[in-house]
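J.: These protein sequences, in sequence, are chains A and B.
Last residue of the first sequence: 272 in the numbering used here, with the numbers rising by one and none dropped.
Last residue of the second sequence: 544 in the numbering used here, with the numbers rising by one and none dropped.
There are 2 protein chains.
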Amino acid sequence: MATARRSRIESLSNPLVKRMRLLREKRHRRAEGLFLAEGLRIATEAREAGVLPQWLFLADEGAAGHPLAKALVEATLAGGGEVIDTTPAILSKLSGKDNPQTVVGIYAEPKTRLGDLDRAAAPIWLVAERLRDPGNLGTMLRTGDAVGAGGLILLDESTDPYAVEAVRASMGAIFTQRLVQTHWDDFLAWLRAGPGELVATWLGKDTKDYQAVRYAAPTFILIGNESQGLPEAYAAAADVRVKMPMMGKADSLNAAVAGAVMAYEVLNQRRR
Amino acid sequence: MATARRSRIESLSNPLVKRMRLLREKRHRRAEGLFLAEGLRIATEAREAGVLPQWLFLADEGAAGHPLAKALVEATLAGGGEVIDTTPAILSKLSGKDNPQTVVGIYAEPKTRLGDLDRAAAPIWLVAERLRDPGNLGTMLRTGDAVGAGGLILLDESTDPYAVEAVRASMGAIFTQRLVQTHWDDFLAWLRAGPGELVATWLGKDTKDYQAVRYAAPTFILIGNESQGLPEAYAAAADVRVKMPMMGKADSLNAAVAGAVMAYEVLNQRRR
Chain A
1 MATARRSRIE SLSNPLVKRM RLLREKRHRR AEGLFLAEGL RIATEAREAG
51 VLPQWLFLAD EGAAGHPLAK ALVEATLAGG GEVIDTTPAI LSKLSGKDNP
101 QTVVGIYAEP KTRLGDLDRA AAPIWLVAER LRDPGNLGTM LRTGDAVGAG
151 GLILLDESTD PYAVEAVRAS MGAIFTQRLV QTHWDDFLAW LRAGPGELVA
201 TWLGKDTKDY QAVRYAAPTF ILIGNESQGL PEAYAAAADV RVKMPMMGKA
251 DSLNAAVAGA VMAYEVLNQR RR
Chain B
273 MATARRSRIE SLSNPLVKRM RLLREKRHRR AEGLFLAEGL RIATEAREAG
323 VLPQWLFLAD EGAAGHPLAK ALVEATLAGG GEVIDTTPAI LSKLSGKDNP
373 QTVVGIYAEP KTRLGDLDRA AAPIWLVAER LRDPGNLGTM LRTGDAVGAG
423 GLILLDESTD PYAVEAVRAS MGAIFTQRLV QTHWDDFLAW LRAGPGELVA
473 TWLGKDTKDY QAVRYAAPTF ILIGNESQGL PEAYAAAADV RVKMPMMGKA
523 DSLNAAVAGA VMAYEVLNQR RR
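Pasting the structure below:
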């Protein structure tokens, strides 16, 4: 663990600022194993979940006097991270937003694997296949937190969960939900090596009304790609295929909405 | 009604292309009373709902031979609209996307008022207050279509429902759901002049579990601003305030998700 450090950066051309700014690009996040989260609220959620930033950038105005910011600074320093007092212009450069938050944290990517998960730790797990939209991804993490899910398992080529937009949409759930990026074959092998019911939301044949099924814990809710839905083989491998009623012209819901409606049904059955 | 017309445009500096391209900006949409929808699928949804474009731009390759594109061309011409055969580069310029769809339609904004709504026409209506995110707005329209809602009533200063991102996220529901932009006072006066239960999703005090209430039709589901929720006065004026269970660290759901979970509860009660 490094010595506790606090410094000041005011130059837009500072090398650390330049380096951290690159974290808005996926290949740099991958190379560094780091990601960026904005906002005192999200950084506080992280702290409460025991996750501290390696670098914490604070704009003097606004953040300095806030008790949550003080707690964050102390925890970051105690955890061996570096605290950097800086300007709104630099925060804006880091986050890519015109009106930046007063706090930007740089966190290590957890790199959780399937084998790290304790499936019995939660009654609900969300599983998404080739999710394309970072907003949907973050929203699913946020929903997972709300329903008491254990985490989100991303299958195949999904959008990067550590993109700024995904982290923002998660409202901090990126720090409270476990997150695994894997492939279908590996997921299915892991799933079948233990208890767990795989429930596919599916628009094809052989489906049941989503309220006509009694779900067994742990329930793995499988949601398909935004425009194409699930591959047929994935749906076929599920223990049950379910569909929400569709009363209008459309035949599908937004992926994050479908996941949430399903997850609340499973939660509601458990509440009864 | 104008004479049926079909023409070809290949120049990026064509005056009509320049004018239609400006529809990506809200003030031009407002001034023209027009908006832009991309994609054969959405334009077909519109046609099936009886809504035809004033201008239909088609990229020759891809679209020309498709039976749905042919049906769209015929309907547009029969409806007095203009069909414009054009290039992918021009569609890209119109939609602002690198990989444009093969079809872009320019539609008249309906400008529906509260007085135009038949509240008895549907058991569910969605009402959103100061919605900020166009993706959330489009997603709520899409959910409204799925649950058989009559439409979406936008209160106060919400994001523009005719923005390209909102239209895209609606997946065509912008053409099947009624859409009214109004203010709280006018909405409440209209609501109280007829039957209707106003249900507020509310994180404050005096709430009931959202499954403990029996909802009466027409049910108006009121969802607050993404970051601030509903103003207290709005929640207080509702017939009932409800809350979804929150099992995690977070205290709220994404606005479009909250609206969907509520709407499916109301629909599910009616299905029983």
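Ideal placement from N, C-alpha and C gives every residue a C-beta, glycine not left out.
A quick note: this is a predicted structure, and the numbers were derived from the prediction, not measured.
(1) State the start and end residues of the unbroken beta strand (DSSP E) segment that holds S364 of chain B.
(2) Which value, in whole angstroms, describes the spacing of the CA atoms of V164 of chain A and A441 of chain B?
(3) Say whether chain B places a C-beta atom closer than 8 Å to the C-beta of V257 of chain A.
(4) Can you tell me whether L306 of chain B is helix, strand or coil according to DSSP?
(5) If we count the other Cβ atoms within 10 Å of its Cβ and call it buried at 16 or more, is D417 of chain B buried or exposed?
(6) When you compare the CB positions of D428 of chain B and W456 of chain B, do they come within less than 8 Å of one another, or not?
(7) Against G420 of chain B, what residues of chain A qualify as contacts under a CB-to-CB distance less than 8 Å, listed in chain order?
(8) Let's see if you can read the secondary structure: which residues bound the alpha helix (DSSP H) around E74 of chain A?
(9) Got a sec: is the Cβ-Cβ distance from T384 of chain B to anything in chain A below 8 Å?
(10) What does a CB cutoff of less than 8 Å around L77 of chain A pick up in its chain, not counting 5 residues either side in sequence?
(11) Name, in chain order, the residues that DSSP records as bridge partners for S7 of chain A.
(12) Could you give the distance in angstroms between the alpha-carbon of E48 of chain A and the alpha-carbon of K342 of chain B?
(13) Do A527 of chain B and L451 of chain B have their beta-carbon atoms positioned less than 8 Å apart in this structure?
(14) Which of the residues in the segment 320-344 of chain B, read from start to end, lie with their CB under 8 Å from any CB of chain A?
(15) So K515 of chain B is in the beta strand (DSSP E); what residue range does that whole segment cover?
(16) On the CB-based measure, 16 or more other CB atoms within 10 Å of its CB, does M273 of chain B come out buried or exposed?
(17) Quick one: what does DSSP say L398 of chain B is sitting in, helix, strand or coil?
(18) Using the C-alpha atoms, what's the distance from P490 of chain B back to A392 of chain B?
(19) Please report whether the beta-carbon of N225 of chain A lies at a distance below 8 Å from any beta-carbon of chain B.
(20) Based on the DSSP secondary-structure assignment, which residues constitute the bridge partners of L451 of chain B?
(21) In this structure, does DSSP put A193 of chain A in helix, strand or coil?
(22) Is there a C-beta anywhere in chain A that falls below 8 Å from the one on Q541 of chain B?
(23) Within 8 Å of any Cβ in chain A, is that where the Cβ of E297 of chain B sits?
(24) Starting from the beta carbon of A121 of chain A, find every residue of chain B whose beta carbon is closer than 8 Å, and list them in chain order.
(25) Quick check: what's the CA-CA separation for Y487 of chain B versus G229 of chain A?
(26) Against chain B, does Y264 of chain A count as a neighbour if the rule is that its beta carbon must be under 8 Å from one of theirs?
(27) Shortest alpha-carbon distance to A250 of chain A belongs to which of B:L525, B:E469, B:R542 and B:A445?
(28) Between the segment 301-315 of chain B and the segment 282-289 of chain B, do three or more beta carbon pairs fall short of 8 Å?
T.: In this structure, then:
(1) Walking along the second sequence from the start, residue 364 of chain B turns up at place 92. Element bounds for S364 of chain B: not the beta strand (DSSP E) but the alpha helix (DSSP H), P360 to S367.
(2) Sequence index remark: in the first sequence, residue 164 of chain A carries index 164 (1-based). Sequence index remark: in the second sequence, residue 441 of chain B carries index 169 (1-based). When rounded, the distance between both Cα atoms is 20 Å.
(3) In the first sequence, counting from the first residue as 1, residue 257 of chain A sits at position 257. V257 of chain A counts as touching chain B.
(4) The residue you call residue 306 of chain B lines up with position 34 of the second sequence. If DSSP states are grouped into helix, strand and coil, L306 of chain B belongs with the strands.
(5) One-based indexing of the second sequence puts residue 417 of chain B at position 145. Classified as buried, D417 of chain B has 16 or more neighbouring CB atoms from the shown chains inside 10 Å of its CB.
(6) In the second sequence, counting from the first residue as 1, residue 428 of chain B sits at position 156. In the second sequence, counting from the first residue as 1, residue 456 of chain B sits at position 184. Yes.
(7) Position 148 of the second sequence holds residue 420 of chain B. Within chain A, the residues near G420 of chain B are M247 and G248.
(8) As a first step, residue 74 of chain A must be located in the first sequence, where it is residue number 74. Note, E74 of chain A: alpha helix (DSSP H), P67 to A78.
(9) On the second sequence, position 112 is the one that residue 384 of chain B refers to. Output row for T384 of chain B: interface = no.
(10) Indexing the first sequence from 1 puts residue 77 of chain A at position 77. The residues are A4, R5, R6 and V83.
(11) Here the question's residue 7 of chain A lines up with position 7 in the first sequence. S7 of chain A pairs with A:I84.
(12) Numbered from 1 along the first sequence, position 48 holds the residue referred to as residue 48 of chain A. Numbered from 1 along the second sequence, position 70 holds the residue referred to as residue 342 of chain B. Looking at the two C-alpha atoms, the distance is approximately 58 Å.
(13) In the second sequence, counting from the first residue as 1, residue 451 of chain B sits at position 179. In the second sequence, counting from the first residue as 1, residue 527 of chain B sits at position 255. No, Cβ-Cβ distance for L451 of chain B and A527 of chain B is not below 8 Å.
(14) Against chain A - using a Cβ distance shorter than 8 Å - the residues of the segment 320-344 of chain B are E320 and A321.
(15) Taking the first residue of the second sequence as 1, we reach residue 515 of chain B at position 243. Per DSSP, K515 of chain B belongs to the beta strand (DSSP E) from V512 to K515.
(16) Here the question's residue 273 of chain B lines up with position 1 in the second sequence. Residue placement at M273 of chain B is flagged as unreliable, the pLDDT there being 44, under the threshold of 50; the coordinate-derived value follows with that caveat. So M273 of chain B ends up on the exposed side.
(17) Numbered from its first residue, the second sequence carries residue 398 of chain B at position 126. DSSP places L398 of chain B in strand when its eight states are reduced to three.
(18) Here residue 392 of chain B is taken as the residue at index 120 of the second sequence, counted from 1. Here residue 490 of chain B is taken as the residue at index 218 of the second sequence, counted from 1. Going from the Cα of A392 of chain B to the Cα of P490 of chain B covers about 7 Å.
(19) Looking up residue 225 of chain A in the first sequence gives position 225. False, the Cβ-Cβ gap to chain B never drops below 8 Å.
(20) Mapped onto the second sequence, residue 451 of chain B falls at position 179. Answer is B:L424, bridged to L451 of chain B.
(21) Looking up residue 193 of chain A in the first sequence gives position 193. Here A193 of chain A sits in coil by DSSP.
(22) By 1-based counting over the second sequence, the position of residue 541 of chain B is 269. Judged by the 8 Å Cβ criterion, Q541 of chain B is not in contact with chain A.
(23) Mapped onto the second sequence, residue 297 of chain B falls at position 25. No, E297 of chain B lies away from the interface with chain A (no Cβ there is under 8 Å from its Cβ).
(24) The count along the first sequence starts at 1 and reaches residue 121 of chain A at position 121. Taking the beta carbon of A121 of chain A as reference, no residue of chain B falls within 8 Å; the closest one sits roughly 13 Å away.
(25) Counting from one through the second sequence, the residue named residue 487 of chain B turns up at place 215. Counting from one through the first sequence, the residue named residue 229 of chain A turns up at place 229. Using only the alpha carbons, I get a separation of about 32 Å.
(26) Taking the first residue of the first sequence as position 1, residue 264 of chain A is located at position 264. Yes, its Cβ sits closer than 8 Å to a Cβ of chain B.
(27) The residue given as residue 250 of chain A occupies position 250 in the first sequence. Nearest option by C-alpha distance: B:A445.
(28) Using a Cβ-Cβ distance cut-off of 8 Å, the segment 301-315 of chain B and the segment 282-289 of chain B are not in contact, since fewer than three pairs of beta carbons, one from each stretch, lie closer than that value.
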